[in-house]
């Protein structure tokens with residue numbers, strides 16, 4: 001019976017065994033999928049699989065099983081390959097059947113030739129996704145995922161597919177300095193490593209630097225740098241060509257996936273991309289009349305983008321893939337009952353949720369206190385920030401996204417480090433985020449909207465190509481006097497459309513295509529923002545720290561790592577809860593609104609009702625309640641009254657600014 005090392009280190013041996021037993025029966029492909037699915041259901045088995053998010057590709061064994069947490073940045077055209085092919089020995093006329101699935105290069109011995117005219121040949125189709133790490137993924141997500149893998153390695157008896165760190169995984173309850181400085185954790189684990197890859201030792205510094213390949217890499221076969229097409233500037237990590245063999249129609253651009261598949265970094269793929277490509281090494285022809293797959297590509301630029309060297313852009317041949325509801329490693333991977341695969345998993349998930357919900361109230365109180373201190377003593381702004389952080393688009397009615405809750409936090413000090421530190425705190429709480437300094441230079445020079453490059457036949461990414469539930473902090477305090485050019489105007493318009501409609505119109509030159517999104521936008525500004533918002537909260541600082549940087553740093557140092565992890569679970573979990581309003585409460589709310597209109601017909605509008613219902617929804621969820629109660633409705637009205645009174649007060653002070 002195959003051991004762990006077989007299906008992890010050498011999955012091809014498993015595939016070959018199933019193929020040999022079942023050919024010519026076409027069920028062999030399904031049996032391969034089922035085999036690996038069952039293996040990964042075993043206790044903690046998913047953590048045994050090394051991830052390209054954690055380990056540089058050059059430390060992983062070629063043709064081993066790997067996983068990758070990624071966003072689909074682009075989808076290339078489907079390609080044909082030889083699912084089954086036959087080789088013949090010219091000397092002995094011996095014929096052997098081979099499988100081509102999960103391969104880039106045909107397996108062919110020195111005395112064998114591929115018989116392209118064999119009746120046994122099966123031509124199949126696969127889809128290629130260009131995938132990048134989740135844009136703006138927080139450092140703590142990467143670190144916890146890395147140490148989950150480390151812990152799983154140490155629990156295994158069999159050797160790993162790469163290096164084996166010797167330091168035990170620390171508890172989330174301890175090692176406070178490490179939790180606040182995640183890079184130190186990784187350095188210690190790698191520094192204490194007892195081995196390198198399967199051939200030698202790891203050099204810690206090299207591992208760190210090479211793992212974080214930048215936005216552009218020099219390709220050995222291309223004169224200009226290879227643009228890895230990351231949506232956000234300064235992003236690090238691997239980009240991969242992900243080959244999907246089944247159900248690819250269920251995935252779309254910007255989906256966040258976790259894929260398990262066979263790593264392909266065959267040097268031949270680089271040779272194929274050069275002018276000196278030996279045709280004998282060509283993997284699989286698109287049709288029987290053309291051996292070179294490059295011939296089907298129109299331009300050199302398209303060849304360069306679609307077939308980059310595997311050392312820079314490795315291939316993953318997917319055995320299993322699924323969409324991720326979230327990327328928080330502190331939560332169970334799937335909290336949806338319909339998607340939970342086994343009763344045992346469902347029971348564990350339910351137990352996790354019920355245990356956490358039992359301590360929700362003190363966690364919320366601690367988080368409110370933490371954010372109140374971060375917002376300089378303003379507890380009202382902290383309440384609204386919590387509601388913003390757990391908001392999500394839960395449905396769409398025609399073109400209207402329901403559940404979006406963009407907050408404009410006005411009253412922020414101009415050109416201060418305050419907003420930068422607020423973003424740093426948010427980074428520590430949410431799994432993915434990005435801070436956009438709204439300067440004239442940024443607006444005029446940045447590429448916000450993805451566009452189609454027809455010469456390279458690819459989608460060129462933009463800043464607004466983000467995964468669902470990313471927190472986008474727009475810092476308007478950086479805005480200075482100046483002239484927006486055409487690009488700047490388009491970028492501001494795109495930001496406004498994102499906030500109002502939760503969509504980005506990708507530019508396909510001859511037309512625009514709407515891509516719906518679910519992005520939490522927080523706008524920090526001095527006065528009222530130039531951008532639209534669902535709710536403006538004016539900051540009223542109760543504390544003026546003499547040294548803002550020291551004050552903000554001390555906040556993070558003071559919070560226990562265990563409590564910080566509870567904050568992270570709290571914000572991610574509440575986004576995923578279902579919510580409803582009973583008929584009885586609906587009727588009571590309607591009657592209450594009619595009374596409000598009677599008492600103040602000029603200032604109470606339908607927008608006020610919609611916003612108050614949103615506040616009531618997120619207030620209820622923030623308390624762990626999945627239905628609206630009278631108490632929460634009254635509290636929502638109270639918060640809205642306080643917020644409006646503050647805005648009115650500020651308007652009286654500053655004239656018509658607000």
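Numbering (the UniProt record's numbering), first residue to last: 1 to 658. Glycine included, every Cβ here is placed at the ideal spot set by N, Cα and C.
Start and end residues, beta strand (DSSP E) containing residue i
| i | result |
| --- | --- |
| residue 83 | 79–88 |
| residue 437 | 433–437 |
| residue 541 | First-last for residue 541: undefined, no H or E at that position. |
| residue 98 | 95–99 |
Cβ distance (whole Å) where residue i is taken to contact residue j below 8 Å
| i | j | result |
| --- | --- | --- |
| residue 9 | residue 61 | 6 Å |
| residue 437 | residue 481 | The Cβ separation is near 16 Å, so there is no contact. |
| residue 319 | residue 260 | 6 Å |
| residue 109 | residue 82 | Rounded, the Cβ-Cβ distance is 16 Å, inconsistent with contact. |
| residue 252 | residue 72 | 7 Å |
Buried or exposed by the 16-neighbour rule on C-beta atoms within 10 Å, applied to residue i
| i | result |
| --- | --- |
| residue 406 | buried |
| residue 620 | buried |
| residue 474 | buried |
| residue 36 | buried |
| residue 173 | For residue 173, the pLDDT reaches just 44, beneath the cut-off of 50, and the residue's location in the model is therefore unreliable, leaving the point undetermined. |
| residue 222 | Caution applies to residue 222, whose pLDDT of 44 falls short of 50 and renders its modelled position unreliable; the model cannot decide the point. |
| residue 600 | exposed |
| residue 11 | buried |
| residue 458 | buried |
| residue 701 | Absent from the structure is residue 701, since the part of the chain shown begins at 1 and ends at 658. |
| residue 448 | buried |
| residue 47 | buried |
| residue 672 | What is shown of the chain runs 1 to 658, which leaves residue 672 out entirely. |
| residue 499 | buried |
| residue 141 | buried |
| residue 52 | buried |
| residue 186 | With a pLDDT of 49 at residue 186, under the threshold of 50, the predicted position of this residue should be treated as unreliable, though the coordinate-derived value follows. Buried: at least 16 other Cβ atoms inside 10 Å. |
| residue 508 | exposed |
| residue 299 | exposed |
| residue 127 | buried |
| residue 67 | buried |
| residue 240 | buried |
| residue 179 | Low per-residue confidence applies at residue 179: pLDDT is 47, beneath 50, and the placement is therefore not dependable, though the value from the model is reported in the following sentence. Classification for residue 179: buried. |
| residue 203 | Note that residue 203 scores a pLDDT of 37, beneath 50, so its modelled location is shaky; the value from the coordinates is reported in the next line. Answer is exposed; the Cβ neighbour count stays below 16. |
| residue 20 | exposed |
Residue i and residue j closer than 9 Å at C-beta
| i | j | result |
| --- | --- | --- |
| residue 410 | residue 323 | no |
| residue 330 | residue 568 | yes |
| residue 543 | residue 373 | yes |
| residue 520 | residue 317 | no |
| residue 526 | residue 412 | yes |
| residue 393 | residue 327 | no |
| residue 671 | residue 266 | Lying before the first or after the last residue shown, residue 671 is absent from the chain, which here runs from 1 to 658. |
| residue 617 | residue 623 | no |
| residue 57 | residue 307 | no |
| residue 33 | residue 246 | yes |
Closest residue to residue i among the options (Cα-Cα distance)
| i | options | result |
| --- | --- | --- |
| residue 517 | 497, 508 and 28 | 497 |
| residue 444 | 563, 470, 485 and 603 | 485 |
| residue 77 | 130, 19 and 375 | 130 |
| residue 530 | 489, 367, 90 and 453 | 489 |
| residue 650 | 73, 586 and 537 | 537 |
| residue 514 | 470, 57, 125 and 254 | 254 |
| residue 431 | 81, 137, 392 and 110 | 137 |
| residue 309 | 545, 228, 527 and 553 | 228 |
| residue 23 | 89, 120, 148 and 65 | 120 |
| residue 452 | 361, 590, 396 and 302 | 302 |
| residue 103 | 55, 244 and 153 | 244 |
| residue 524 | 562, 421, 465 and 598 | 421 |
| residue 380 | 80, 615 and 54 | 615 |
| residue 124 | 367, 85, 376 and 96 | 85 |
| residue 609 | 634, 626, 627 and 625 | 634 |
| residue 107 | 505, 87, 454 and 91 | 87 |
| residue 446 | 579, 231 and 116 | 231 |
Opening and closing residue of the alpha helix (DSSP H) in which residue i lies
| i | result |
| --- | --- |
| residue 16 | 11–22 |
| residue 395 | Premise fails: residue 395 lies in the beta strand (DSSP E), 395–397, not in any alpha helix (DSSP H). |
| residue 266 | Careful: residue 266 lies outside any alpha helix (DSSP H) and carries neither H nor E. |
| residue 423 | 418–427 |
| residue 558 | 548–558 |
| residue 595 | 583–599 |
| residue 46 | 45–48 |
| residue 148 | 139–155 |
Distance cut-off 8 Å: residue i Cβ against heavy atoms of the ligand SAH
| i | result |
| --- | --- |
| residue 328 | By its list of ligands, the structure shown contains no ligand whatsoever, and the ligand SAH lies outside what it can speak to. |
Any C-beta of chain D under 9 Å from that of residue i
| i | result |
| --- | --- |
| residue 469 | Among the chains of the structure shown, chain D does not appear; only one protein chain is present. |
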